[in-house]
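Participant: So for the sequence shown, our numbering puts the first residue at 14; every next one is plus one. Before I ask anything, let me first share the structure, which is written out below as structure tokens.
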Amino acid sequence: MDITQTNLRYLLAVYELMGSNAGVAAVEVSRRMGVSKPSVTRMLGVLAKRGLLVKEPYGKVRLTERGALLAQEYAACVDMVQRRLPRLEFSLTDSETVELACVLAAALPSHVRSMLCAWK
């Protein structure tokens, strides 16, 4: 499944916030990402249309099985890329490293992403 870097950032934010919780409020995602609640609401709607999350009663969202599996795969990939980026000596801040790792992970073809994730 193709996913944009922006989609990925929101998907991973929901994934990380969910933990063992049944659902996550848009305001939690908003705080985590430092973006407005209306922006979060729009993007969560996009992810819901793609079948990656569902809206629960009282405004909470949770990842679907498909969304959780995809988030888990991308999280592993982002982590792997993030650990390898310092070797390139770009002098990136921590937040720039995370951002670049998300951009790269979103741009990788699925067969490369799968291979990267298998290197753990």
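Each residue gets a CB set at the ideal place from its N, CA and C atoms; glycine is no exception.
Can you tell which of V125, R45, M93 has the C-alpha that lies nearest to the C-alpha of T136?
Facilitator: Coverage of the chain is limited to positions 14 through 133, which leaves residue 136 absent and any answer about it impossible.
Participant: Per DSSP, K68 is paired with what?
Facilitator: Start at 1 with the first residue of the sequence shown, and residue 68 comes out as number 55. V74, per the DSSP bridge assignment.
Participant: With H, G and I counted as helix, E and B as strand and the rest as coil, what does DSSP make of A120?
Facilitator: Taking the first residue of the sequence shown as 1, we reach residue 120 at position 107. Of the three classes helix, strand and coil, the one that applies to A120 here is helix, per DSSP.
Participant: With DSSP as the reference, please indicate the residues paired to V37 in a beta bridge.
Facilitator: Reading the sequence shown from its first residue, position 24 is the one you call residue 37. In DSSP, V37 forms a bridge with V74.
Participant: Does the distance from the C-beta atom of A26 to that of R45 stay below 8 angstroms?
Facilitator: Taking the sequence shown and counting its residues from 1, one reaches residue 26 at position 13. Taking the sequence shown and counting its residues from 1, one reaches residue 45 at position 32. Yes; because the gap between Cβ atoms is below 8 angstroms, this pair is in contact.
Participant: So which of F103, S104, L65 has the shortest CA-CA distance to Y28?
Facilitator: For the purposes of this step, residue 28 is taken as residue 15 along the sequence shown, with counting starting at 1. Of the candidates F103, S104, L65, the one whose C-alpha sits nearest the C-alpha of Y28 is L65.
Participant: For the candidate residues D15, L76, L121, S52, whose alpha-carbon lies nearest to that of N34?
Facilitator: If you number the sequence shown from 1, residue 34 lands on position 21. If we check each option's Cα against that of N34, L76 comes out closest.
Participant: Taking 8 angstroms as the limit between beta carbons, can you name the residues of its chain near V37, skipping five residues before and five after?
Facilitator: For the purposes of this step, residue 37 is taken as residue 24 along the sequence shown, with counting starting at 1. The residues are V27, L30, M31, K73, V74, R75.
Participant: Would you kindly work out how many angstroms separate the C-alpha atoms of Q95 and P70, rounded to a whole number?
Facilitator: Numbered from its first residue, the sequence shown carries residue 95 at position 82. Numbered from its first residue, the sequence shown carries residue 70 at position 57. Roughly 36 angstroms between the two C-alpha positions.
Participant: Helix or strand or just coil, what does DSSP make of E102?
Facilitator: Reading the sequence shown from its first residue, position 89 is the one you call residue 102. Correct three-state label for E102: coil.
Participant: Any idea what DSSP makes of S52, helix, strand or coil?
Facilitator: Here the question's residue 52 lines up with position 39 in the sequence shown. Helix.
Participant: Taking its Cβ as the centre, do 16 or more other Cβ atoms sit within 10 Å of V42, making it buried, or is it exposed?
Facilitator: By 1-based counting over the sequence shown, the position of residue 42 is 29. Counting Cβ neighbours within 10 Å, V42 comes out buried, since at least 16 surround it.
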